[in-house]
Amino acid sequence: MKPYGFVRAVIIILIFGSVSCTATLEMQKKQAKTSRNLGEAYYCQGNYPSALGEFLKSETLYPGDPFLQNDLGLTYMSMGKMDLAVKSFKKALEIKPDYAPAINNLGTAYLNKKEWDTAIRYFEAVSENLLYATPHFAFSNLGWAYYNKKEYSLAEKFYLKALDINPNFINALVGLGKTYTVMGRSPEAVATLEKAVKDYPRLGQLYLELARAYTLSGQYKKALNTYEKAVEFAPDSAIAREAETEALKIREFR
């Protein structure tokens with residue numbers, strides 16, 4: 003074979019090899035996305051083991067998908083596997099450093115690990131991201147972190163920031179109500195939690211927190227009625243047991 007003929011043959015082989023690799027990668031990406039979509043459907047149904055199976059299958063096909071890594075993190079977090087959740091969220095951010103939902107979710111994983119200062123660092127970062135569509139999530143999470151650090155004035159500040167953006171955001175309403183209760187500001191606690199109950203009238207946790215605010219303000223009859231509501235809307239739960247115990251204390255000492 004003449005030299006130019008050999009060179010031409012090598013070039014053709016390289017071109018077809020490159021095209022073949024590209025086609026294979028695109029096929030893998032397509033299959034990975036199909037598995038990811040199925041996993042997301044299982045996740046929305048609360049079927050976390052099946053979701054995890056599909057996400058792991060997707061990861062073997064194409065691990066460089068930041069949305070998949072975020073999905074994996076959410077699934078691990080829902081299954082109580084916080085260290086694995088942190089690992090997956092960090093992978094998502096290695097691939098896409100400006101992926102705001104993953105930053106917020108990473109902070110949430112640290113909240114669940116009770117690593118308040120680390121969580122705060124991530125929530126502060128995402129709250130400053132002007133492209134993040136739901137900053138009230140980050141502000142409310144900051145409120146919860148500071149609440150747990152017993153820095154109640156800062157907790158109030160961030161819950162109010164969240165409510166400035168979304169006045170009906172349930173997490174911020176509950177958090178602000180709890181903050182006012184622990185600060186001894188019963189009128190504000192009652193007003194905040196009454197609004198929450200009006201907006202979400204079937205959540206037992208809200209009635210439990212409102213009953214505590216009524217108790218703090220000395221409105222014992224309202225407190226007892228509201229504890230009963232907590233039991234009604236969250237029967238056979240930890241919320242119901244707490245409500246029954248606290249109602250019994252009022253009956254014994256009043």
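With the sequence shown counted from 1, adding 2 to any position gets you my numbering.
Beta carbons are placed, not taken as given, at the ideal position from N, Cα and C, and that holds for glycine.
Rounded to the nearest angstrom, the gap between the Cα atoms of D85 and A242 is 31 Å. If you look at L74, you'll find it in the alpha helix (DSSP H) that goes P68 to S80. With 16 or more other Cβ atoms from the protein chains shown falling within 10 Å of its own Cβ, G41 counts as buried. Counting only runs that start and end inside the segment 95-165, the alpha helix (DSSP H) elements of at least 4 residues fall at 102-114, 118-129 and 137-150. Look at S219 here: in three-state DSSP terms it is coil, with no helix or strand label.
By the neighbour-count definition (other C-beta atoms within 10 Å, threshold 16), K180 is a buried residue. Around the beta carbon of T247, a 10 Å sphere encloses fewer than 16 other beta carbons of the protein chains shown; the residue is thus reported as exposed. Residues G66, P68 and Q71 of the same chain have their beta carbon placed closer than 7 Å to that of I97, with the five preceding and five following residues left out of the count.
In the structure shown, N168 adopts coil according to DSSP, grouped into three states.
Taken in chain order, the unbroken stretches of alpha helix (DSSP H) that lie wholly in the segment 221-255 and span 4 residues or more are 222-235 and 240-255. In the three-state reduction of the DSSP assignment, M84 falls in the helix class, which pools H, G and I. Within the same chain, and ignoring the five residues on either side of N173 in sequence, the residues whose Cβ sits closer than 6 Å to its Cβ are S142. If you draw a 10 Å sphere on the C-beta of M79, you find 16 or more other C-beta atoms in it, and that means buried. Comparing alpha-carbon positions, the option among P137, L133, K116 and G186 lying closest to F125 turns out to be P137. In this structure, D73 and Y112 do not form a Cβ contact; the two beta carbons are roughly 19 Å apart against a cut-off of 8 Å. By the neighbour-count criterion, in which a residue is buried when 16 or more other Cβ atoms sit within 10 angstroms of its Cβ, E234 is exposed. A198 places its beta carbon 9 Å or farther from that of L210.
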